[in-house]
Every structure is written in structure tokens, then in C-alpha cells.
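The structure appears below as C-alpha cells.
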Amino acid sequence: PCKARIYTNHWAVRIPGGPEQAEQIASKYGYRNLGQIGDLKDYYHFFHSRTIKRSTLSSRGTHSFISMEPKVEWVQQQVVKRRTKR
Amino acid sequence: DYKPSYPGPVQSSMAQSNSIYFNDAKWSSMWYIHCNDNIHNCQSDMNIVGAWKRGYTGKDVVVTILDDGIERNHPDLIQNYDNEASYDVNGNDMDPMPRYDASNENKHGTRCAGEVAASANNSHCTVGIAYNAKIGGVRMLDGDVTDMVEAKSLSLHPQHIDIYSASWGPDDDGKTVDGPASLARQAFENGIRQGRKGRGSIFVWASGNGGRSRDHCSCDGYTNSIYTISISSTAESGRKPWYLEECSSTLTTTYSSGENYDRKIITTDLRQRCTDSHTGTSASAPMAAGIIALALEANPFLTWRDVQHIIVKTSRAGHLIAPDWKTNAAGYNVSHLYGFGLMDAEAMVKEAEHWKQVPSQHICVENADKQIRTIRPEHVVRSVYKATGCTDNANHHVIYLEHVVVRITITHPRRGDLSINLTSPSGTKSQLLANRLFDHSMEGFKNWEFMTTHCWGEKATGDWILEIYDSPSQLRSQKAPGKLKEWSLVLYGTSVHPYSFRSDKPRSLAEPQPEDEYSEEYGGPCHPECGENGCEGPGPQQCITCLHYFLKFKNNTRTCVPECPSGFFRDDKKRCKKCSTLCESCVGSRSDQCSTCRSGLYLLEGANTCISSCPDGFYLDRDYSMYRKCSENCKKCTSANICTECKTGLSLQGNKCQLSCEPGTYYNGHRRACEKCHTTCATCAGTGMEACNECASGYYFEEWRCVSSCNVGYYLAEQTTDNGDVHKSCQKCDPTCYVCTGAGERNCSTCVSGYNLENGVCVVSTICKDESWAEGSFCVLVKKNNLCQRKVLQQLCCRTCSLMG
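Chains as they are written, first to last, in my numbering: chain A, 733 to 818; chain B, -13 to 791.
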């Protein structure tokens, strides 16, 4: 099976400044903030509708400047993982 | 084959009589829950009914299944379904119902859920192991699974959900090395730190179905994590199922499917149905989750580590068949196939009832060994690290081990050719990695964390030996050999004995314990045989560690002894281990390691085995009560130097066996070969004509040699043996004859000088002169002793000697 990385249009970001700040930053860079990731405090699920849904290339564009945003501690574009049922 | 007692009026589910009966359709097929040895050869010792009888059915415990959804309206699930423990991550909504399609692909989660908490006594399908627990499902596999999807699932409502059960992972294709990425790792740590109000979420994981593709579950970061309880499977028979993977991070085992003739696991299925097609370690993980739910009901305050300690203490090798069962230095039996053995629900709830929380976890990251070593084909790289257990740092000091992790970076042209072992200071060897036939990757391992549970309870300090083997499975370029770049040990455990605060119970509760009078914290004196770590009571079976040796009983309890009793031997880990049944004393547990034998048996020299009858080639030495070897070449003997039968090709000479030579030859002991006899011999015992045993034809025995014709003074005599054979030999003539034709004095044919032959008799020929003084008794003696031929005597006794007769 293809071993290439498949990038999605979902991001995980870590913004210690709280939900409001996350909301601001999301809209500033064109993301939709889908809320906190589970029970992980300060981690948020961002979705970028104008990015290719599945690509072997990590996405470029102005939205990727989010990683330079000082209030953003960590950004990870989500990659599809091969998981099998046992 | 379980014959439910006919209900008449429907019995209550917890029947007052000895057996439990539910009216669920498949109840009678659930061998792994209700049968035990004495019912029609049924084999199940997870003792689930035993836990139920103690009143534990999972009440108030919340379990969720991370999978492809849950059919929450299934008649067997609807009653226990918990919305709060559910979510649809793939669809980003609250409803985890699976997506239905023709392939029925999304049945997995519903099947897992039924094993845990299908309702009991509702006439539907099956009965969950924790049939009163709350069950939820997270739909997260039915779409793109990303690090974030996993993190969301693993950290769903950690204050509400107690147990997360996952029956999935990286490909089990025997060539993947993958594990939780950063978010999922965060989720694990978050759950462990904060979940269940700080007691830690319980993550249960299926160890993998890659047996056929020679996969090794150490390459799966989820089962390798110390935060997950990795579960493997065994078939009803106790045999290893074809799909099972081995590794040292597996903690315990539950039943699952085996070969097609093995009985199956029953559970709920999509579209409100029932199935016995749920197989593999996928079926084992939820079963373990259900059992852990029973223990959490018995003691909701158990932390995530308490649960792992209880599993280690109560799981049992039982009838599980594995070639690598070993007992570690803490006295636990462990295998790479089944971890510490089959889960025992009843033993777990009993331990849980009185469990004292184990001391806080310490983590000791030993210094990395950064010395680069080349890994050459067919060679082993051995690296020894002297661990201190971080004695210099009170918050990280580890004396008693729980998990051990080896972080390792290796470059290598073909990862599948590598195998890695780790040996603890107590000598327990864990196989961290086995060769993987299909792993051609050149990526090596980058700071990969291998984990072993096999040193659980052992001491941390001392020499840890890492061994890396490179066994090329096919030709490889020699240009770039492998390199061990760096490795470090991470020791998890406690700085005080985990059970030293225990109040009342000895190490294991497999058997019901009489309420002993030490229900308070024990502060009294310890038994003299206790070691330096104190005790839980005055008896030798309540020591934490032993001064000399310890004897372990079937029910997992143990007692400290000054010496091992007869029938046991002591090994290098201060354990008294059983000799083979035939031995009285021994140096090992095999039957060929006896040093003395039980009465009626004798030690076979050289084989160190005990036998009752004396085999050929041996004789009984009563002084030493042993069978000793006969001398060389001897087939049967009565003592070391009395042979009674020789081996083929040899013949008995006296009490010895010698090479039996062809007739006409004899065995020369010096030259150790057969040599020709003298020409006059037909057979002989040695060289020369005096050594003949039989004469050649045409030759006759005369005294001890063979002659062609009798010499003077001998005549040819014939003897007929009993069987009619005629034997000829030269016999001596009568003394009065010089030459004779036969025996006696009447067959003389020639006389000695001074005698005349008269009718075959020799008479003295001399005239006697005057009467000699000696005539009388003296001369009679001379004549009786045939001395008349002597000249002097002849004259002296002339008259007597000349008389006839």
C-alpha cells in the first residue's frame, strides 16, 4: 500500500491564551475553530476549508503563517494514519 | 455442552444453587464464562462466575469502545448504553451509531461492546462480562484516522469514563513500526494524570494479529506504552492462536478464537444480531476491559498502576502453552506470548477489595550510552549498563521495578534482520525485538521505545545487558553495516516495596484466605527467614523478601526457608524449584538432573536419571544406590569386574570380554588385535604351540601342546564324548613302560633299560645278589612311588623292584 504521507485540511494547534484567543487566531488565518481537542487543555482543532482535503504535500499558503503567530505554541497539520482493526 | 438446569419458573439470575443460569439465547455456548473443569471437560479459569458470585458485575463502572461506532439501540446494549461515554469523532457529532453499508464493515465496535456489557437475562444473544456496567462507543475508525482523531477519542470525558478499550493499531503486516504521535501521547498522559479524578484512566489494548506475518508487537507503540494494558489471546486449549504476536510488553491474556475446531466467543452484532465470528486479539481486549470493570467495582479507588499490579499478581500460567515460560526474580511466571498469564476475575476482585494503593511512581532515566557500535552480520553487539536506579535523586529513585523501557537509535540496511534482547541484573531475559521476515525497511529505529514488563517486582540496580543480533535473511550490501547510535534505560517503579504498606494479605489471594488476625498494619517482629524488607506478619510466608530461599506454592503464595526441602533445588535467584518427580534431590528441574532418587529407584550413572530396573550394560551398586556401567565391552555384568555376557563381536575370557577372533587366531591384548595361532593349533589363547586351545586336524594334544604323532612315553588315546564325537589325544604311558600302545602297565611295547618286556609288562631284568638291608617297607615305598628305575634304588631294592605288580 502507498506509504506516502496523506495530509488533510485539519490542524491541531496549541494556544495557551484560552478559547477566545483561539477563536481570534482561527479567523485571522482563515480557519474554522472546531473546539478543544478532547480533554487536552489549550489544544484546538482548526479546519481550513480552502485546503485540499487529502494531499501528499503539506499545504502552503497564507494560512500556514499561523505557525509564526506568537500566541500559537504548536501547530500540526493532520496526517492520515494507517490503522487496522484487530 | 452446558446443560442449564430447567427453569420451571424463570430463576433469578443469581441462583441460590451452585450454578448461575441466564435465559440469554447463547448463554449455554459461553464456555469461557461459566464452565470449569468439572463440567463436561470444559476449560475456563478466568473465574468470571466467581467474581459475579461475590456480587461484582460492573455496576457504576463506565467503559467505552474506541472503534467504528456502537449500535446503541441493539436490544442487548440499549439498557447499559451510556451517551456520556460516546461520541462520533469521524462525523463530529454526539451519535456514535455505525455507518451501515452492504459490507457490514462497521460491526467491530458493536461486537467489542457486547463482550463487555451486553445485558444479562434479557433473552437476547449474550451476557457481557460486566453486564451491569455502562458502555459507550467512540466512532473514530470510520474515516481518516489522524493524530488528532486518536487524541480526541483517548481523551473523551476522562472524568466520566473509567476504561477505554481499543482493538486496533498500526498495520500488523510485520514491517510497520508506528505508534501514537504527539497528540495521542498527550492524551494518554492527560488521562493517566488527570483521568478518574486523578487515579488515571485505564487504557486496554489488543496486542495485535500479526502472528502470520511474523509481526512483533514491540513495533507497535500503543501496546508498547506503559499506559496501556496490552492483552494477548489464547485458544480454549491454551495453545497459541495462529494470529498471536509475541513481545515483552504484553501484560496478560484472555480467551479468544483459536483453530476452527476451538470454541468461539459470542457477542452482539450489527443489525441487532448475535455472532460467534468476533475473533483475534480484538475479542480479548474487551474481555479484559470487562474483567477490569469488575475489579473497579470492587474498589473504585484503584489507580491505573494498582490495576496493573493486581493483574500481574493474579494472572496465571495455568494451562497456557508457551515455550518460554520463565519465573522472574520476584517469583512471577511470565512469557512473551501471554505476559503474566490468563486473567483471573475472581482473584482480581478479591485483591481489589483490600488493596492498598501502591506508592507513587518514580521514573529513572539512566544516562544514555552514546558510544557508537557497528552491528555486523552474524555478530552480536553487547552493551552493559550499570544502573543505579537514580539513587542520588529521591524523587526518581527506583528500587522495585514495574515497566522497563529501552530507548534506542539504530541505523541498519534491513531492519527485519535485527533482534534485540535485554537482560536484567537478576538475569531475566526479555526479547525486545525478534527478526521480522517482511521488514525490509532501511529506516532503522529512531529513538524507539521498547518496553518490557518481564522484570516486574525485580530490583533495578545492577548490570543491564543489551544484546543486538544481526541475522541477515538475504544477501545484503556490506557497504553500510548497521550502527547502534545510542540507547538509554528508563526504569519505572517505586523506591519502597510496593506492598510493604500492605495490611493483611500475603502476596496472592488465589485461594480464599482465613481472616487472619493481622487485619491491622503489622508492626510486630518478622520471621527469622525474612529479608531486609520486613514483613506483613510473623509467619515465614509473610515476608516481603527472603533471607535465604523461597518456596512458591501453586496458589502463588510463597514462604521463606533456610534450605530447599527434599525434592527441590535452589536456583541462582534464591528460589526453591521443584525437582523432577523421580528425584529425591537434584541440580535442576529436568528428569536428567537428579542427584539422588526416590526410594525404589536408582540413579543411572552418567545419565543422572532415576530408574527402577537395571538396563543392559549396568550393574547395581548397592553402596551408592546406583546403576553403574559394566566394564568396557561387557553387555551384562554382576559387578565392575565380573562380566557375564559380552557385546557382539567379543567373547568371554574368564570374567572379561575380549574381541572374539576367527578360529585359528587369538586376541592380542597389547596389540588389541587378532593374531594367528601356531600352525599346530586350531584355536589358541595366545602365540606359540603351548597356547593351543584346540589342535589343528592331524594334530593331537600331548600335555599342553599339539603334536602330529605321540612322543616316546605317550600313546594315542581315543575318547568318545556324550554326543558321540571321538577325541584323540596323546596320553602318558604307564611309568613302567618306555613305549606303550595303551594305558596301564600291560600295554608296554618297550621297557626302560634294566627291564624286560614279558607279555606287555616290563619286569626288572637284573639278578639280585645278596639280601639288602633295605628290603621291606622302605623298598615297598620306593616301588609304590615308581622309583625302581633309579639305579641306586634299583640295586638297593633289587628283590622288591623285580617282583611283579
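Heads up, the beta-carbon is just placed ideally off N, CA and C, and yes, glycines get one too. Computed from a predicted structure; not experimentally measured.
Less than 8 angstroms between CB atoms is the rule here; does H780(A) satisfy it with respect to chain B? no
Three-way DSSP call (helix, strand, coil) for L782(B) in this model: helix
Buried or exposed by the 16-neighbour rule on C-beta atoms within 10 Å, applied to H795(A): buried
Practice task
With 8 angstroms as the limit, tell me which residues of the stretch 61 to 94 of chain B have their beta carbon closer than that to any beta carbon of chain A; keep them in chain order.
Solution key: N78, H94
Notebook entry, point to check: Would the beta-carbon of I757(A) fall within 8 angstroms of that of K803(A)?
Noted result: yes
Check your understanding: With a CB to CB cut of under 7 angstroms and the five nearest residues on each side skipped, what residues in its chain are close to T732(B)?
Key -> Going by the sequence as given, residue 732(B) is Arg instead of Thr. Result list for R732(B): G746, V747, in chain order.
Check your understanding: Does the beta carbon of I784(A) sit closer than 8 angstroms to a beta carbon anywhere in chain B?
Key -> Chain B contact via Cβ: absent.
*Any beta-carbon of chain B closer than 8 angstroms to the one on R764(A)?*
no
At a Cβ threshold of 8 angstroms, is D262(B) touching chain A?
-> no
Practice task
Give the C-beta separation of C111(B) and D262(B) to the nearest angstrom, bearing in mind that I take them to be a contact with Cβ-Cβ under 8 angstroms.
Solution key: Rounded, the Cβ-Cβ distance is 10 angstroms, inconsistent with contact.
- Message: I215(B) and L237(B) - do their beta-carbons sit closer together than 8 angstroms?
- Response: yes
Can you pull the DSSP bridge partners for Y739(A)? S787(A), V811(A)
What's the call for T50(B), buried or exposed, on a 16-neighbour Cβ count within 10 Å? buried
Query raised in the report: For the 8 angstroms Cβ check, are there 3 or more pairs between the stretch 371 to 385 of chain B and the stretch 470 to 480 of chain B?
Result: yes
Same chain, Cβ closer than 7 angstroms to G684(B), five either side skipped, listed in chain order:
S694
Specify, as a first and last residue, the run of the alpha helix (DSSP H) that G266(B) falls within. 266 to 284
Is there a C-beta anywhere in chain A that falls below 8 angstroms from the one on V131(B)? The beta-carbon of V131(B) is placed less than 8 angstroms from the nearest beta-carbon of chain A.
- Query: Out of curiosity, what's the CA-to-CA distance linking Q460(B) and W434(B)?
  - Reply: 25 angstroms
Check the C-beta distance from I804(B) over to G122(B) and give it rounded, since I have them as a contact under 8 angstroms. With chain B covering only -13 through 791, there is no way to say anything about residue 804(B).
Minimum length 3: unbroken beta strand (DSSP E) runs contained in the stretch 560 to 628 of chain B: 561 to 564, 569 to 572, 580 to 583, 588 to 590, 595 to 597, 604 to 607, 612 to 615, 620 to 625
Exercise for the section: Classify Q810(A) as buried or exposed, calling it buried when 16 or more other Cβ atoms lie within 10 Å of its own Cβ. Expected result: buried
Problem - Rounded straight-line distance, which links the Cα of V335(B) to that of A496(B) - result: The predicted model places A496(B) with a pLDDT of 32, which falls under 50 and marks its position as unreliable; any figure quoted below should be read in that light. Distance between the alpha carbons of A496(B) and V335(B): 10 angstroms.
task: Compute the Euclidean distance between the alpha carbons of C774(B) and L645(B), then round it to the nearest angstrom.
output: 51 angstroms
**Asked** Residues of chain A with a CB under 7 angstroms from the CB of K183(B): which are they?
**Response** Here the premise fails: no neighbours, minimum Cβ distance about 13 angstroms.
key: Alpha carbon of A106(B) to alpha carbon of C233(B), nearest angstrom   = 36 angstroms
**Prompt:** Hey, C572(B) and C562(B) are a contact pair by Cβ (cut 8 angstroms); roughly how many whole angstroms apart?
**Reply:** That pair is no contact at about 11 angstroms.
Rounded to whole angstroms, what is the Cα-Cα separation between Y42(B) and L280(B)? 5 angstroms
With a Cβ-Cβ cutoff of 8 angstroms, do M16(B) and V113(B) count as a contact? yes
**Asked** What did DSSP end up calling F424(B) once you bin it into helix, strand or coil?
**Response** coil
Which class does G244(B) belong to by DSSP, given the choice of helix, strand or coil? coil
Does K769(B) come out as helix, strand or coil in the three-state DSSP assignment? helix
Under 6 angstroms Cβ to Cβ from K633(B), same chain only, skipping five residues before and after it: list those, please.
N619, K621
**Request:** Check each candidate in I297(B), P345(B), Y318(B), N314(B) and name the one with the smallest Cα separation from D330(B).
**Result:** I297(B)
| message | Give me the subset of the stretch 581 to 606 of chain B whose CB atoms are less than 8 angstroms from a CB atom of chain A, sorted by chain position. | response | The residues in question: there are none.
DSSP has F174(B) in a bridge; who is on the other side? F174(B) is not bridged to any residue.
- Item | Nearest-angstrom Cα separation, counted from T289(B) out to Q343(B) | 7 angstroms
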